[in-house]
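In the UniProt record's numbering, the protein residues as written are 1 to 550.
C-beta atoms are modelled at their ideal positions from N, C-alpha and C, and glycine is treated no differently.
Here it is, written out as C-alpha coordinates:
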(Lines of atoms letter the chains of each structure in order from A and count residues from 1; the text may use other names and numbers.)
(Lines give C-alpha, C1' and ligand atoms only; values in the text may rest on other atoms or scores of the structure.)
Protein backbone atom coordinates (compact mmCIF):
# COMPACT_ATOMS: atom_id res chain seq x y z
CA UNK A 1 0.00 0.00 0.00
CA UNK A 2 3.05 2.31 0.19
CA UNK A 3 4.09 1.76 -3.40
CA UNK A 4 2.91 5.10 -4.73
CA UNK A 5 4.47 7.06 -1.88
CA UNK A 6 7.59 7.68 -3.92
CA UNK A 7 5.90 9.84 -6.56
CA UNK A 8 7.70 12.95 -5.28
CA UNK A 9 10.90 11.65 -6.78
CA UNK A 10 9.29 9.66 -9.59
CA UNK A 11 10.86 6.42 -8.41
CA UNK A 12 9.60 2.91 -8.87
CA UNK A 13 8.78 0.44 -6.12
CA UNK A 14 11.29 -2.35 -5.56
CA UNK A 15 9.36 -5.38 -4.33
CA UNK A 16 12.50 -7.45 -3.71
CA UNK A 17 13.67 -5.16 -0.94
CA UNK A 18 12.93 -6.71 2.42
CA UNK A 19 11.97 -3.41 4.06
CA UNK A 20 9.26 -2.80 1.48
CA UNK A 21 8.15 -6.32 0.60
CA UNK A 22 4.79 -5.90 2.30
CA UNK A 23 4.06 -2.59 0.63
CA UNK A 24 2.58 -3.83 -2.64
CA UNK A 25 -0.14 -1.91 -4.38
CA UNK A 26 -2.25 -2.22 -7.51
CA UNK A 27 -2.90 1.20 -9.13
CA UNK A 28 -6.49 2.25 -9.62
CA UNK A 29 -7.89 1.62 -13.07
CA UNK A 30 -7.61 4.73 -15.21
CA UNK A 31 -5.63 6.68 -12.61
CA UNK A 32 -3.47 9.60 -13.66
CA UNK A 33 0.30 9.18 -13.55
CA UNK A 34 0.89 11.20 -10.39
CA UNK A 35 4.65 11.03 -10.80
CA UNK A 36 4.33 12.87 -14.10
CA UNK A 37 1.82 15.29 -12.56
CA UNK A 38 4.29 16.36 -9.87
CA UNK A 39 7.51 16.11 -11.85
CA UNK A 40 7.67 19.85 -12.72
CA UNK A 41 7.74 20.64 -9.00
CA UNK A 42 10.65 18.45 -7.95
CA UNK A 43 12.85 20.65 -5.79
CA UNK A 44 16.37 19.35 -6.38
CA UNK A 45 18.49 16.64 -7.85
CA UNK A 46 18.66 13.41 -5.92
CA UNK A 47 20.80 10.30 -5.89
CA UNK A 48 20.01 8.12 -8.89
CA UNK A 49 20.33 4.80 -7.03
CA UNK A 50 16.62 4.78 -6.30
CA UNK A 51 16.53 1.05 -5.52
CA UNK A 52 18.89 1.50 -2.58
CA UNK A 53 17.13 1.47 0.82
CA UNK A 54 19.14 4.53 1.91
CA UNK A 55 17.92 6.68 -0.99
CA UNK A 56 16.55 9.95 0.53
CA UNK A 57 13.02 9.23 -0.69
CA UNK A 58 13.05 5.85 1.03
CA UNK A 59 14.33 7.33 4.27
CA UNK A 60 11.51 9.87 4.06
CA UNK A 61 9.10 6.95 3.54
CA UNK A 62 10.38 5.40 6.77
CA UNK A 63 10.16 8.77 8.57
CA UNK A 64 6.45 9.00 7.77
CA UNK A 65 5.80 5.31 8.42
CA UNK A 66 7.34 5.61 11.91
CA UNK A 67 5.49 8.88 12.50
CA UNK A 68 2.14 7.27 11.74
CA UNK A 69 2.97 4.48 14.17
CA UNK A 70 3.77 7.04 16.88
CA UNK A 71 0.41 8.74 16.33
CA UNK A 72 -1.35 5.79 17.96
CA UNK A 73 -0.50 7.25 21.38
CA UNK A 74 -1.24 10.81 20.29
CA UNK A 75 -4.65 10.17 18.73
CA UNK A 76 -5.61 6.85 20.33
CA UNK A 77 -6.16 5.54 16.83
CA UNK A 78 -4.12 3.37 14.50
CA UNK A 79 -3.42 5.50 11.45
CA UNK A 80 -2.35 3.83 8.23
CA UNK A 81 -1.13 5.06 4.87
CA UNK A 82 -4.68 4.69 3.52
CA UNK A 83 -5.81 7.23 6.13
CA UNK A 84 -3.30 9.87 4.93
CA UNK A 85 -3.34 9.17 1.20
CA UNK A 86 -3.97 12.18 -1.03
CA UNK A 87 -6.00 11.10 -4.04
CA UNK A 88 -5.57 12.60 -7.48
CA UNK A 89 -8.42 15.09 -7.03
CA UNK A 90 -6.76 16.44 -3.89
CA UNK A 91 -3.32 16.61 -5.49
CA UNK A 92 -4.63 18.48 -8.51
CA UNK A 93 -6.53 20.94 -6.32
CA UNK A 94 -3.30 22.03 -4.61
CA UNK A 95 -1.09 22.38 -7.66
CA UNK A 96 0.21 25.98 -7.77
CA UNK A 97 -1.95 27.06 -10.69
CA UNK A 98 -5.18 25.72 -9.14
CA UNK A 99 -4.96 26.19 -5.41
CA UNK A 100 -6.56 28.96 -3.42
CA UNK A 101 -4.58 30.33 -0.51
CA UNK A 102 -5.50 28.45 2.64
CA UNK A 103 -4.08 28.91 6.13
CA UNK A 104 -4.23 26.45 9.01
CA UNK A 105 -3.80 27.81 12.54
CA UNK A 106 -2.55 26.29 15.80
CA UNK A 107 -1.24 23.14 14.18
CA UNK A 108 0.92 21.12 16.58
CA UNK A 109 4.22 19.69 15.34
CA UNK A 110 4.57 16.19 16.79
CA UNK A 111 7.34 14.58 14.71
CA UNK A 112 10.36 15.27 12.55
CA UNK A 113 12.05 13.99 9.40
CA UNK A 114 15.69 13.00 8.94
CA UNK A 115 16.11 16.32 7.11
CA UNK A 116 15.22 18.26 10.25
CA UNK A 117 11.72 19.31 9.13
CA UNK A 118 8.70 19.13 11.43
CA UNK A 119 5.79 16.74 10.92
CA UNK A 120 2.17 17.45 11.79
CA UNK A 121 -0.99 15.37 11.37
CA UNK A 122 -4.08 17.34 10.36
CA UNK A 123 -7.66 16.06 9.80
CA UNK A 124 -8.59 16.61 6.16
CA UNK A 125 -11.98 17.94 7.23
CA UNK A 126 -10.20 21.05 8.55
CA UNK A 127 -9.35 22.33 5.11
CA UNK A 128 -10.42 20.03 2.24
CA UNK A 129 -14.22 19.98 2.31
CA UNK A 130 -14.30 22.21 -0.79
CA UNK A 131 -12.25 19.63 -2.65
CA UNK A 132 -13.86 16.37 -1.56
CA UNK A 133 -17.18 15.22 -0.10
CA UNK A 134 -17.09 15.53 3.70
CA UNK A 135 -18.22 11.94 4.22
CA UNK A 136 -15.20 10.72 2.28
CA UNK A 137 -12.92 12.82 4.48
CA UNK A 138 -14.15 11.40 7.78
CA UNK A 139 -11.27 9.76 9.65
CA UNK A 140 -8.78 10.92 7.01
CA UNK A 141 -5.64 12.94 7.76
CA UNK A 142 -2.83 14.77 6.01
CA UNK A 143 0.82 14.54 7.04
CA UNK A 144 2.32 18.02 6.65
CA UNK A 145 6.08 18.50 6.33
CA UNK A 146 6.92 21.94 7.75
CA UNK A 147 10.49 23.27 7.46
CA UNK A 148 11.99 25.36 10.30
CA UNK A 149 9.81 23.72 12.96
CA UNK A 150 10.52 21.33 15.82
CA UNK A 151 8.48 18.98 17.99
CA UNK A 152 6.33 21.00 20.40
CA UNK A 153 5.80 23.98 18.10
CA UNK A 154 2.26 25.25 17.48
CA UNK A 155 2.23 26.90 14.11
CA UNK A 156 0.19 28.69 11.49
CA UNK A 157 0.95 27.34 8.03
CA UNK A 158 0.05 28.00 4.44
CA UNK A 159 -1.08 24.85 2.62
CA UNK A 160 1.03 24.09 -0.42
CA UNK A 161 1.75 21.20 -2.78
CA UNK A 162 0.21 17.81 -1.97
CA UNK A 163 2.00 14.55 -2.74
CA UNK A 164 0.67 11.02 -2.51
CA UNK A 165 1.26 10.57 1.22
CA UNK A 166 2.19 14.00 2.53
CA UNK A 167 1.78 17.70 1.85
CA UNK A 168 4.06 20.72 2.11
CA UNK A 169 3.32 23.36 4.70
CA UNK A 170 4.87 26.83 4.62
CA UNK A 171 5.55 28.21 8.10
CA UNK A 172 3.87 31.57 8.70
CA UNK A 173 4.14 31.89 12.47
CA UNK A 174 5.09 29.94 15.59
CA UNK A 175 2.41 30.85 18.09
CA UNK A 176 3.98 29.29 21.19
CA UNK A 177 7.62 30.36 20.82
CA UNK A 178 9.23 30.93 24.20
CA UNK A 179 6.71 28.81 26.13
CA UNK A 180 7.32 25.56 28.00
CA UNK A 181 5.50 23.62 25.25
CA UNK A 182 8.43 23.98 22.88
CA UNK A 183 12.20 23.98 23.23
CA UNK A 184 12.33 26.64 20.56
CA UNK A 185 14.05 29.95 21.39
CA UNK A 186 13.92 32.41 18.51
CA UNK A 187 16.22 34.79 20.41
CA UNK A 188 19.06 32.42 19.51
CA UNK A 189 18.63 33.08 15.77
CA UNK A 190 21.53 35.19 14.43
CA UNK A 191 20.71 35.24 10.72
CA UNK A 192 18.03 37.60 9.42
CA UNK A 193 17.47 35.19 6.51
CA UNK A 194 17.03 32.10 8.70
CA UNK A 195 13.26 31.74 8.10
CA UNK A 196 13.77 31.90 4.31
CA UNK A 197 17.18 30.36 3.63
CA UNK A 198 17.49 26.59 3.22
CA UNK A 199 21.06 26.51 4.55
CA UNK A 200 20.36 26.16 8.30
CA UNK A 201 17.60 24.30 10.12
CA UNK A 202 18.31 24.71 13.86
CA UNK A 203 19.39 28.22 14.82
CA UNK A 204 16.32 28.39 17.10
CA UNK A 205 17.60 25.44 19.18
CA UNK A 206 20.16 25.50 21.96
CA UNK A 207 23.41 23.82 20.98
CA UNK A 208 22.77 21.08 23.52
CA UNK A 209 19.44 20.31 21.84
CA UNK A 210 21.09 20.32 18.40
CA UNK A 211 23.60 17.70 19.54
CA UNK A 212 20.80 15.61 21.06
CA UNK A 213 18.87 15.71 17.76
CA UNK A 214 21.95 14.53 15.87
CA UNK A 215 22.62 11.75 18.35
CA UNK A 216 19.04 10.59 17.84
CA UNK A 217 19.55 10.72 14.08
CA UNK A 218 22.57 8.40 14.34
CA UNK A 219 20.63 6.04 16.61
CA UNK A 220 17.72 6.07 14.16
CA UNK A 221 19.94 5.19 11.21
CA UNK A 222 21.43 2.21 13.00
CA UNK A 223 18.06 1.02 14.32
CA UNK A 224 16.87 0.96 10.72
CA UNK A 225 19.88 -0.63 9.03
CA UNK A 226 22.06 -2.23 11.73
CA UNK A 227 19.78 -2.66 14.77
CA UNK A 228 22.18 -4.96 16.65
CA UNK A 229 24.30 -1.96 17.55
CA UNK A 230 21.76 0.71 18.49
CA UNK A 231 20.65 -0.74 21.82
CA UNK A 232 22.19 1.75 24.25
CA UNK A 233 20.36 5.04 24.86
CA UNK A 234 23.64 6.93 24.45
CA UNK A 235 24.54 5.22 21.18
CA UNK A 236 26.05 7.63 18.67
CA UNK A 237 26.90 10.42 21.11
CA UNK A 238 27.99 13.54 19.25
CA UNK A 239 31.10 15.63 19.90
CA UNK A 240 30.36 19.31 19.43
CA UNK A 241 32.23 21.79 17.28
CA UNK A 242 34.46 24.34 19.06
CA UNK A 243 32.80 26.96 16.85
CA UNK A 244 29.04 27.06 16.35
CA UNK A 245 29.18 30.09 14.04
CA UNK A 246 31.85 31.51 11.70
CA UNK A 247 33.19 27.98 11.17
CA UNK A 248 32.35 27.10 7.58
CA UNK A 249 35.37 27.32 5.28
CA UNK A 250 33.55 26.93 1.96
CA UNK A 251 30.26 28.19 0.54
CA UNK A 252 28.68 27.98 -2.92
CA UNK A 253 26.10 30.76 -3.28
CA UNK A 254 23.97 30.71 -6.42
CA UNK A 255 22.91 33.64 -8.58
CA UNK A 256 19.62 34.73 -10.06
CA UNK A 257 19.88 35.92 -13.67
CA UNK A 258 17.45 38.53 -14.99
CA UNK A 259 16.90 40.70 -18.04
CA UNK A 260 17.79 40.16 -21.67
CA UNK A 261 21.48 40.20 -20.82
CA UNK A 262 20.99 37.62 -18.05
CA UNK A 263 22.95 39.62 -15.53
CA UNK A 264 23.25 38.57 -11.92
CA UNK A 265 20.53 40.21 -9.79
CA UNK A 266 20.93 38.31 -6.48
CA UNK A 267 23.56 36.10 -4.86
CA UNK A 268 22.48 33.69 -2.16
CA UNK A 269 20.98 30.32 -1.34
CA UNK A 270 17.88 28.27 -2.12
CA UNK A 271 14.64 29.48 -0.54
CA UNK A 272 13.27 26.99 2.00
CA UNK A 273 9.87 27.04 0.27
CA UNK A 274 11.30 26.72 -3.22
CA UNK A 275 10.72 30.38 -4.05
CA UNK A 276 13.92 31.02 -5.96
CA UNK A 277 17.08 32.33 -4.30
CA UNK A 278 17.38 34.30 -1.08
CA UNK A 279 19.67 37.30 -1.53
CA UNK A 280 22.28 36.88 1.23
CA UNK A 281 24.70 39.65 2.15
CA UNK A 282 26.21 37.84 5.13
CA UNK A 283 26.23 34.17 6.22
CA UNK A 284 26.81 33.79 9.99
CA UNK A 285 28.04 30.19 9.78
CA UNK A 286 30.75 31.13 7.25
CA UNK A 287 34.13 32.51 8.33
CA UNK A 288 34.83 36.22 8.58
CA UNK A 289 37.14 36.08 5.55
CA UNK A 290 34.53 34.32 3.40
CA UNK A 291 31.94 36.95 4.29
CA UNK A 292 34.40 39.68 3.33
CA UNK A 293 34.95 37.96 -0.01
CA UNK A 294 31.18 37.56 -0.45
CA UNK A 295 30.75 41.33 -0.08
CA UNK A 296 33.45 41.94 -2.69
CA UNK A 297 31.85 39.45 -5.06
CA UNK A 298 28.43 41.07 -4.69
CA UNK A 299 29.89 44.46 -5.58
CA UNK A 300 31.69 42.95 -8.55
CA UNK A 301 28.92 40.77 -10.02
CA UNK A 302 25.43 42.04 -9.15
CA UNK A 303 23.96 43.94 -12.07
CA UNK A 304 27.18 43.62 -14.05
CA UNK A 305 28.10 40.05 -14.87
CA UNK A 306 26.62 36.78 -16.12
CA UNK A 307 27.26 34.34 -13.27
CA UNK A 308 25.45 31.22 -12.08
CA UNK A 309 27.41 30.22 -8.98
CA UNK A 310 30.22 31.44 -6.75
CA UNK A 311 32.79 29.19 -5.07
CA UNK A 312 34.30 30.86 -2.01
CA UNK A 313 36.90 29.10 0.14
CA UNK A 314 38.94 29.93 3.20
CA UNK A 315 42.67 30.00 2.49
CA UNK A 316 45.99 31.20 3.85
CA UNK A 317 48.27 33.84 2.41
CA UNK A 318 51.92 33.15 3.08
CA UNK A 319 54.43 35.92 3.78
CA UNK A 320 57.50 34.35 2.20
CA UNK A 321 59.86 36.78 3.88
CA UNK A 322 58.71 35.84 7.40
CA UNK A 323 57.03 32.44 6.85
CA UNK A 324 53.89 33.67 8.61
CA UNK A 325 50.38 32.74 7.49
CA UNK A 326 47.46 35.16 7.19
CA UNK A 327 43.82 34.11 6.75
CA UNK A 328 42.04 35.13 3.58
CA UNK A 329 39.37 33.79 1.21
CA UNK A 330 39.54 33.02 -2.50
CA UNK A 331 37.01 32.81 -5.29
CA UNK A 332 36.84 30.44 -8.25
CA UNK A 333 36.74 26.69 -8.95
CA UNK A 334 40.35 26.54 -10.19
CA UNK A 335 41.86 28.76 -7.53
CA UNK A 336 44.53 26.99 -5.47
CA UNK A 337 43.69 27.05 -1.77
CA UNK A 338 46.14 26.71 1.12
CA UNK A 339 45.00 25.38 4.49
CA UNK A 340 46.90 24.47 7.63
CA UNK A 341 45.67 21.78 10.04
CA UNK A 342 47.91 21.16 13.06
CA UNK A 343 51.49 21.04 11.73
CA UNK A 344 50.68 20.22 8.12
CA UNK A 345 49.90 22.46 5.16
CA UNK A 346 47.55 21.36 2.37
CA UNK A 347 47.06 22.87 -1.07
CA UNK A 348 44.35 21.96 -3.55
CA UNK A 349 42.05 23.41 -6.17
CA UNK A 350 38.88 24.98 -4.83
CA UNK A 351 36.82 22.30 -6.62
CA UNK A 352 38.55 19.46 -4.72
CA UNK A 353 36.93 17.94 -1.66
CA UNK A 354 38.23 19.05 1.73
CA UNK A 355 36.44 19.18 5.09
CA UNK A 356 34.56 22.45 5.69
CA UNK A 357 35.09 23.02 9.43
CA UNK A 358 38.74 23.31 10.39
CA UNK A 359 37.95 23.98 14.05
CA UNK A 360 36.88 20.36 14.67
CA UNK A 361 39.49 18.52 12.59
CA UNK A 362 42.10 18.25 15.34
CA UNK A 363 39.49 16.62 17.57
CA UNK A 364 38.73 14.09 14.83
CA UNK A 365 42.42 13.31 14.40
CA UNK A 366 42.90 12.94 18.17
CA UNK A 367 39.94 10.52 18.22
CA UNK A 368 41.56 8.41 15.50
CA UNK A 369 44.99 8.48 17.19
CA UNK A 370 43.45 7.46 20.50
CA UNK A 371 41.86 4.34 19.03
CA UNK A 372 44.90 3.43 16.92
CA UNK A 373 47.17 3.73 19.96
CA UNK A 374 44.98 1.24 21.86
CA UNK A 375 46.09 -1.53 19.50
CA UNK A 376 48.45 -4.14 20.97
CA UNK A 377 51.15 -3.62 18.36
CA UNK A 378 52.31 -0.49 16.58
CA UNK A 379 50.64 0.16 13.25
CA UNK A 380 52.96 -0.09 10.26
CA UNK A 381 50.57 1.04 7.50
CA UNK A 382 47.85 3.67 7.24
CA UNK A 383 45.74 2.76 4.19
CA UNK A 384 43.75 5.86 3.22
CA UNK A 385 40.95 4.90 0.81
CA UNK A 386 38.90 7.64 -0.87
CA UNK A 387 41.88 9.77 0.21
CA UNK A 388 41.05 13.03 -1.60
CA UNK A 389 43.99 15.44 -1.34
CA UNK A 390 45.62 13.28 1.33
CA UNK A 391 44.33 14.85 4.54
CA UNK A 392 43.92 11.82 6.82
CA UNK A 393 46.99 9.96 5.53
CA UNK A 394 49.29 12.94 5.88
CA UNK A 395 47.85 13.97 9.25
CA UNK A 396 48.47 10.46 10.64
CA UNK A 397 51.88 9.97 9.01
CA UNK A 398 53.68 11.00 12.20
CA UNK A 399 52.14 8.41 14.54
CA UNK A 400 55.67 7.05 14.95
CA UNK A 401 58.93 6.96 12.96
CA UNK A 402 58.21 3.80 10.97
CA UNK A 403 54.61 4.32 9.89
CA UNK A 404 53.86 4.20 6.16
CA UNK A 405 50.90 5.75 4.32
CA UNK A 406 49.24 4.41 1.20
CA UNK A 407 46.36 6.41 -0.30
CA UNK A 408 44.14 5.92 -3.33
CA UNK A 409 41.64 8.27 -4.99
CA UNK A 410 39.60 8.16 -8.21
CA UNK A 411 39.81 11.94 -8.83
CA UNK A 412 42.82 12.84 -10.97
CA UNK A 413 43.06 16.42 -9.69
CA UNK A 414 42.75 15.35 -6.05
CA UNK A 415 45.47 12.70 -6.27
CA UNK A 416 47.87 15.16 -7.91
CA UNK A 417 47.41 17.48 -4.94
CA UNK A 418 47.77 14.59 -2.49
CA UNK A 419 51.16 13.83 -4.04
CA UNK A 420 52.01 17.52 -4.00
CA UNK A 421 51.01 17.83 -0.33
CA UNK A 422 53.26 14.92 0.66
CA UNK A 423 56.20 16.75 -0.92
CA UNK A 424 55.08 20.13 0.45
CA UNK A 425 55.28 18.76 3.99
CA UNK A 426 58.65 17.12 3.44
CA UNK A 427 57.38 13.57 3.85
CA UNK A 428 59.54 10.63 2.78
CA UNK A 429 58.30 9.57 -0.67
CA UNK A 430 59.17 5.96 0.15
CA UNK A 431 56.88 6.05 3.17
CA UNK A 432 53.97 8.13 1.85
CA UNK A 433 52.43 7.15 -1.50
CA UNK A 434 49.24 8.35 -3.18
CA UNK A 435 48.03 6.74 -6.40
CA UNK A 436 45.18 7.26 -8.84
CA UNK A 437 42.67 4.43 -8.83
CA UNK A 438 39.25 3.14 -7.85
CA UNK A 439 38.96 2.58 -4.10
CA UNK A 440 36.69 -0.42 -4.73
CA UNK A 441 39.68 -2.14 -6.40
CA UNK A 442 42.41 -0.91 -4.09
CA UNK A 443 43.41 -4.27 -2.68
CA UNK A 444 43.95 -5.79 -6.12
CA UNK A 445 46.25 -2.89 -7.08
CA UNK A 446 49.79 -3.87 -8.13
CA UNK A 447 51.16 -1.70 -5.31
CA UNK A 448 49.33 -3.97 -2.88
CA UNK A 449 49.96 -7.39 -4.41
CA UNK A 450 52.97 -9.17 -5.84
CA UNK A 451 53.19 -11.32 -8.97
CA UNK A 452 51.84 -14.28 -7.01
CA UNK A 453 48.74 -12.29 -6.02
CA UNK A 454 49.78 -12.12 -2.37
CA UNK A 455 49.50 -9.01 -0.25
CA UNK A 456 52.77 -7.10 -0.02
CA UNK A 457 51.16 -4.81 2.56
CA UNK A 458 50.02 -6.93 5.47
CA UNK A 459 46.56 -6.44 6.92
CA UNK A 460 47.64 -7.29 10.46
CA UNK A 461 50.00 -4.32 10.38
CA UNK A 462 47.46 -1.91 8.94
CA UNK A 463 44.68 0.52 9.76
CA UNK A 464 42.30 1.23 6.88
CA UNK A 465 40.49 4.58 6.75
CA UNK A 466 37.29 4.75 4.71
CA UNK A 467 35.82 8.15 3.84
CA UNK A 468 33.42 7.69 0.90
CA UNK A 469 30.87 10.08 -0.59
CA UNK A 470 27.27 10.27 0.67
CA UNK A 471 26.26 7.18 -1.28
CA UNK A 472 28.67 5.12 0.85
CA UNK A 473 30.81 2.15 -0.15
CA UNK A 474 29.88 -1.02 -2.07
CA UNK A 475 30.01 -4.80 -1.72
CA UNK A 476 33.05 -5.17 -3.98
CA UNK A 477 35.12 -2.91 -1.74
CA UNK A 478 33.87 -4.52 1.47
CA UNK A 479 34.71 -8.02 0.22
CA UNK A 480 38.28 -6.95 -0.61
CA UNK A 481 38.56 -5.20 2.73
CA UNK A 482 37.52 -8.39 4.47
CA UNK A 483 40.06 -10.39 2.46
CA UNK A 484 42.80 -7.91 3.42
CA UNK A 485 41.93 -8.26 7.15
CA UNK A 486 43.34 -5.01 8.57
CA UNK A 487 43.88 -4.74 12.32
CA UNK A 488 41.51 -1.76 12.52
CA UNK A 489 39.00 -0.02 10.24
CA UNK A 490 37.96 3.59 10.71
CA UNK A 491 34.86 4.49 8.68
CA UNK A 492 34.24 8.23 8.36
CA UNK A 493 30.84 9.11 6.92
CA UNK A 494 28.83 12.19 5.99
CA UNK A 495 25.72 9.98 5.68
CA UNK A 496 25.07 7.82 8.72
CA UNK A 497 22.34 5.85 6.90
CA UNK A 498 24.76 4.54 4.25
CA UNK A 499 27.36 3.92 6.95
CA UNK A 500 24.94 1.76 8.95
CA UNK A 501 23.91 -0.09 5.77
CA UNK A 502 27.55 -0.78 4.85
CA UNK A 503 28.53 -2.04 8.29
CA UNK A 504 25.53 -4.36 8.41
CA UNK A 505 26.56 -5.74 5.01
CA UNK A 506 30.15 -6.07 6.24
CA UNK A 507 28.99 -8.24 9.14
CA UNK A 508 26.85 -10.34 6.80
CA UNK A 509 29.86 -10.91 4.52
CA UNK A 510 31.99 -11.95 7.50
CA UNK A 511 29.47 -14.59 8.50
CA UNK A 512 29.19 -15.86 4.93
CA UNK A 513 32.91 -16.08 4.25
CA UNK A 514 34.21 -17.18 7.65
CA UNK A 515 32.13 -20.13 8.82
CA UNK A 516 29.51 -18.02 10.55
CA UNK A 517 32.11 -16.16 12.64
CA UNK A 518 32.72 -12.45 12.99
CA UNK A 519 36.25 -11.18 12.53
CA UNK A 520 35.47 -7.62 13.65
CA UNK A 521 33.71 -5.86 16.48
CA UNK A 522 32.34 -2.36 16.07
CA UNK A 523 34.08 -0.74 19.02
CA UNK A 524 32.35 2.63 18.84
CA UNK A 525 30.20 4.88 16.66
CA UNK A 526 30.65 8.57 17.44
CA UNK A 527 29.20 11.66 15.83
CA UNK A 528 31.12 14.85 15.12
CA UNK A 529 29.21 18.06 14.54
CA UNK A 530 30.96 19.47 11.50
CA UNK A 531 27.96 21.66 10.66
CA UNK A 532 26.33 23.36 13.66
CA UNK A 533 22.93 25.01 13.05
CA UNK A 534 22.24 22.50 10.25
CA UNK A 535 20.75 19.01 9.95
CA UNK A 536 24.09 17.43 8.97
CA UNK A 537 26.25 15.24 11.17
CA UNK A 538 29.41 13.23 10.48
CA UNK A 539 29.80 9.82 12.09
CA UNK A 540 32.93 7.78 12.69
CA UNK A 541 32.78 4.03 13.29
CA UNK A 542 35.79 2.15 14.67
CA UNK A 543 36.04 -1.58 13.92
CA UNK A 544 38.70 -3.72 15.57
CA UNK A 545 39.75 -7.18 14.47
CA UNK A 546 39.34 -9.92 17.04
CA UNK A 547 42.41 -11.70 18.35
CA UNK A 548 41.69 -15.14 16.88
CA UNK A 549 42.57 -16.15 13.33
CA UNK A 550 40.46 -18.51 11.25
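Identified DSSP bridge partners for residue i
i: residue 123; result: 141
i: residue 254; result: 268 and 309
i: residue 436; result: 409
i: residue 472; result: Paired residues: none, contrary to the question.
i: residue 162; result: 167
i: residue 90; result: Note: residue 90 sits in no beta bridge, so no partner.
i: residue 329; result: 314
i: residue 489; result: 464 and 543
i: residue 191; result: Answer is none; residue 191 lacks a bridge partner.
i: residue 108; result: 154
i: residue 63; result: Answer by DSSP bridge pairing: none, since residue 63 is not bridged.
i: residue 118; result: 112 and 146
i: residue 248; result: 286 and 357
i: residue 239; result: 528
i: residue 324; result: 319
i: residue 197; result: 271
i: residue 403; result: Residue 403 pairs with nothing; no bridge assigned.
i: residue 103; result: 158
i: residue 174; result: 155
i: residue 449; result: 455
i: residue 263; result: 258
Residue range of the beta strand (DSSP E) that includes residue i
i: residue 371; result: Here residue 371 belongs to no beta strand (DSSP E); instead the alpha helix (DSSP H) covers 361–373.
i: residue 539; result: 538–545
i: residue 527; result: 520–528
i: residue 382; result: 381–384
i: residue 601; result: Outside the shown range of the chain (1 to 550) lies residue 601, about which nothing can therefore be said.
i: residue 277; result: 277–279
Of the residues the options, the one placed nearest residue i, counting alpha carbons only
i: residue 265; options: 154, 228 and 306; result: 306
i: residue 425; options: 128, 362, 366 and 342; result: 342
i: residue 399; options: 101, 99, 467 and 368; result: 368
i: residue 125; options: 119, 117, 134 and 366; result: 134
i: residue 166; options: 120, 214 and 274; result: 120
i: residue 519; options: 129, 538, 527 and 482; result: 482
i: residue 309; options: 277, 374, 254 and 334; result: 254
i: residue 219; options: 547, 516, 277 and 501; result: 501
i: residue 156; options: 57, 202 and 109; result: 109
i: residue 68; options: 379, 78 and 59; result: 78
i: residue 547; options: 512, 487, 523 and 525; result: 487
i: residue 116; options: 123, 172, 364 and 199; result: 199
i: residue 333; options: 352, 142 and 428; result: 352
i: residue 541; options: 458, 372, 405 and 450; result: 372
i: residue 239; options: 313, 141, 365 and 188; result: 365
i: residue 538; options: 433, 66, 469 and 459; result: 469
i: residue 271; options: 317, 148, 535 and 230; result: 148
i: residue 419; options: 396, 314 and 391; result: 391
i: residue 522; options: 432, 499, 514 and 188; result: 499
i: residue 312; options: 323, 304, 328 and 222; result: 328
i: residue 276; options: 101, 196, 344 and 432; result: 196
i: residue 362; options: 256, 243, 448 and 388; result: 243
i: residue 113; options: 61, 159 and 105; result: 61
i: residue 233; options: 525, 535 and 544; result: 525
Span of the alpha helix (DSSP H), counted from its first residue to its last, around residue i
i: residue 424; result: 412–424
i: residue 301; result: 288–301
i: residue 84; result: 81–84
i: residue 511; result: 496–513
i: residue 220; result: 207–225
i: residue 393; result: 391–395
Neighbour flag for residue i against chain B, beta carbons, 7 Å
i: residue 214; result: Although the question refers to chain B, the structure presented lacks it and comprises just one protein chain.
Cβ-heavy atom distance, residue i to the ligand GDP, below 6 Å
i: residue 293; result: Summarising the ligand content, the structure contains no ligands, and the ligand GDP is consequently not present.
task: May I ask you to verify whether the segment 434–449 touches the segment 471–486, counting CB pairs closer than 8 Å and requiring at least 3?
output: When C-beta atoms of the segment 434–449 are compared with those of the segment 471–486, three or more pairs fall below 8 Å, so the two segments count as touching.
- prompt: Taking three-plus beta-carbon pairs below 8 Å as touching, is the segment 355–370 in contact with the segment 518–534?
  reply: Output reads yes: the segment 518–534 touches the segment 355–370.
message: Pairs of beta-carbons, one from the segment 274–290 and one from the segment 248–263, closer than 8 Å: are there three or more?
response: Proximity of the segment 274–290 to the segment 248–263 meets the contact definition, three or more beta-carbon pairs being nearer than 8 Å.
field: Stretch pair the segment 213–221 + the segment 289–303: three plus CB contacts closer than 8 Å
entry: Flag = no, the segment 213–221 and the segment 289–303 do not touch.
- prompt: Three or more C-beta pairs closer than 8 Å, one from the segment 215–231 and one from the segment 495–512: is that the case here?
  reply: Judged by Cβ distances under 8 Å, the segment 215–231 makes contact with the segment 495–512, as three or more pairs qualify.
- prompt: With contact counted as at least three CB pairs below 8 Å, one residue from each stretch, are the segment 252–264 and the segment 172–192 in contact?
  reply: The segment 252–264 vs the segment 172–192: no contact.
field: 4-residue-minimum alpha helix (DSSP H) runs that sit fully inside the segment 332–361, ordered along the chain
entry: The segment 332–361 contains no whole alpha helix (DSSP H) run of 4 or more residues.
message: Under 8 Å: do the segment 482–497 and the segment 404–424 share three or more Cβ pairs, one atom per stretch?
response: No, they do not touch.
query: Can at least three beta-carbon pairs, one atom from the segment 382–394 and one from the segment 456–463, be found at a separation below 8 Å?
result: Verdict: yes, contact present.
task: Tell me, please, whether the segment 83–90 touches the segment 130–149 by the rule of three or more beta-carbon pairs shorter than 8 Å.
output: Enough Cβ pairs lie closer than 8 Å, so yes.
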